[in-house]
Every structure is written in C-alpha cells, then in structure tokens.
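**Student:**
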Amino acid sequence: VNSPGLYEFITNNYDIHADYFVPAVDHKIFFPEDKSFQEKERKLKLFFYGRPQHDRNAFDLAIATAKKIKASMGNRIEIVSAGSDWSAADYGVGGIIENRGLISYRETAELYRTCDFGLILMFTKHTSYLPLELMASGAIVIANYNQTNTWLLNDGSNCIVVEPSPTFITEKLMHLLGNPELQRTIRENALKTIESSDWGQEMEKIYRFIIGQN
C-alpha cells in the first residue's frame with residue numbers, strides 16, 4: 001500500500017499480509033524556485049486540485065473556500081486550479097479561479113514552482129502525492145486533517161492542517177500570511193521532509209515483498 005498510514009489502517013482492521021512504500025517525488029522535475037527577488041512585485045498564488053467528478057477531493061468545499069479567500073484578499077491573491085477540465089463560469093467563479101485543466105507532468109511542476117500555497121483536500125485514506133510534490137516545489141501545503149496522513153503532514157511544522165470549513169481555512173491562511181517567519185519555517189521543514197525520498201529505494205522494498213524476500 002502507498003503509505004505507512006494506510007498500512008496501519010489496513011493491518012489493524014483486516015487480517016491481511018501487507019507492506020507499504022513511502023511515496024517519493026522526482027527531484028529532477030519537482031524543485032523550488034527562488035521567489036525572494038519577486039516578493040514585493042507579484043501577487044500571491046494559491047493552487048487547488050480541482051476535480052468536480054471526484055467526491056474525495058471535495059470540489060464544492062474548495063470552490064467555497066476560493067470564493068471566501070478571494071473576498072478577503074481581492075487582487076492580492078491569484079487562485080489557480082488544475083487536475084480536470086471544467087469551466088470556472090459554470091461554477092460561479094469566473095474571474096476568481098483560473099482553471100488550467102489537465103496539464104502534463106512537467107507543466108504541473110512548473111505551475112507548482114510559481115505557487116505560494118497549495119490547497120489539497122483528500123477524504124479517502126490513501127496518501128495523495130500532490131502534497132509531496134508541492135512541498136518539493138517550495139509551496140506551503142494546506143490540507144484537511146486525515147488520520148492516515150499524520151505520518152506525513154505535521155500542522156505548523158511542514159504544512160497547515162485545517163478543518164473542512166471555508167471560514168476556518170481562510171482564517172488559517174490569513175494567520176499564516178501575517179507570520180513570515182512561520183512561512184519560512186514550514187517551507188524549510190517541508191523540503192527536509194521530502195528531500196531524502198527515493199522511488200528506486202521504495203520500489204526495491206516492494207519488489208522484495210512480492211518475491212518473498214523481506
């Protein structure tokens with residue numbers, strides 16, 4: 001299974017022989033960009049994973065949150081989405097959200113490097129890889145609490161963990177914006193969290209499990 005959190009849930013609840021790998025990222029594709037020279041010249045940018053056809057990503061909650069954030073911050077923030085083709089106008093967020101639709105792997109990494117924050121909502125027990133990719137790209141992850149993801153997501157340390165409420169999420173973001181030192185700490189810790197990840201090492205572990213050598 002794709003994380004220690006999911007492994008713990010499965011083995012605690014089912015009589016099953018299993019093993020897990022720790023998700024990794026390709027550091028040749030996902031890496032941070034130095035934004036310091038631009039700080040006073042550009043808008044902040046928030047990414048969210050927008051997939052209306054997948055309930056587990058809480059699209060309606062993300063839309064409501066985007067509206068509230070934009071109402072609070074106005075032109076100080078740009079909100080961009082990717083992950084699925086949909087029209088912002090159809091959901092009443094024309095002029096609030098720019099949806100990039102389905103983009104390539106490398107285009108995704110390029111987008112993440114331009115973002116300050118990434119809102120990732122996930123309500124199933126498997127670990128989404130997007131938080132790891134955002135961390136590796138220098139964006140601060142904002143994610144809902146999920147018991148099986150506590151092995152990775154540490155509120156106030158390497159990310160911001162939120163309750164599934166547009167008001168709560170907006171307030172946490174506003175608090176974060178008022179605390180540049182906390183932002184620096186979270187970004188630094190997030191990069192440390194993901195820097196040693198290695199797909200080759202993790203797949204070797206799973207290979208040994210499959211052939212019965214572990």
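The letter at position 167 of the sequence shown is residue 167 when you use this note's numbering, and the numbering goes up by one with no holes.
Think of the CB as a built atom: it goes at the ideal place given N, C-alpha and C, for glycine as much as any other residue.
Only a predicted model underlies this, so the values are computations on that prediction, with no experimental measurement involved.
Measuring alpha carbon to alpha carbon, tell me which of Asp-155, Ser-196, Pro-166, Trp-199 ends up nearest Leu-219.
**Tutor:** Residue 219 is absent from the structure shown; the chain starts at 1 and stops at 214.
**Student:** Determine the burial state of Glu-133: buried for a count of at least 16 other Cβ atoms within 10 Å of its Cβ, exposed for fewer.
**Tutor:** Buried is the label assigned to Glu-133, since at least 16 other Cβ atoms lie within 10 Å of its Cβ.
**Student:** Please go through the same chain and pick out, in chain order, the residues whose beta-carbon is closer than 6 Å to the beta-carbon of Ile-103, but skip the five residues on each side of it.
**Tutor:** Ala-82
**Student:** If you reduce the DSSP assignment to three classes, tell me which class Tyr-49 lands in.
**Tutor:** strand
**Student:** Mapping the DSSP letters down to three states, classify Phe-209 as helix, strand or coil.
**Tutor:** When secondary structure is reduced to three states using DSSP, Phe-209 falls in the helix class.
**Student:** Touching or not, the region 26-34 and the region 158-170, by the rule of three or more beta carbon pairs under 8 Å?
**Tutor:** no
**Student:** Under 8 Å: do the region 139-154 and the region 118-127 share three or more Cβ pairs, one atom per stretch?
**Tutor:** The region 139-154 vs the region 118-127: in contact.
**Student:** Okay, do the region 13-27 and the region 195-202 touch, 3+ Cβ pairs below 8 Å being the bar?
**Tutor:** Contact holds between the region 13-27 and the region 195-202, because three or more Cβ pairs, one in each stretch, are under 8 Å apart.
**Student:** For Phe-117 and Ile-63, what's the separation of their Cα atoms in angstroms?
**Tutor:** 16 Å
**Student:** First and last residue of the alpha helix (DSSP H) that includes Gly-156?
**Tutor:** It is not in any alpha helix (DSSP H) - Gly-156 carries neither H nor E in the DSSP assignment.
**Student:** Just confirm the distance between the C-beta atoms of Ser-137 and Phe-30, as a whole number of angstroms; I'd bet it's less than 8 Å.
**Tutor:** Distance from Ser-137 to Phe-30 at the Cβ level is roughly 5 Å; contact confirmed, criterion being Cβ atoms closer than 8 Å.
**Student:** Using 8 Å as the threshold, is the region 107-122 in touch with the region 80-98, meaning 3 or more CB pairs across them?
**Tutor:** Touching, yes.
**Student:** Excluding the five sequence neighbours on either side, which residues of its own chain have a C-beta within less than 6 Å of the C-beta of Ala-190, listed in chain order?
**Tutor:** Counting only Cβ-Cβ distances below 6 Å, and skipping sequence neighbours, we find Met-135, Asn-158.
**Student:** My output table needs one value for Glu-163: the three-state DSSP class, helix, strand or coil.
**Tutor:** Glu-163 falls in the coil class under three-state DSSP.
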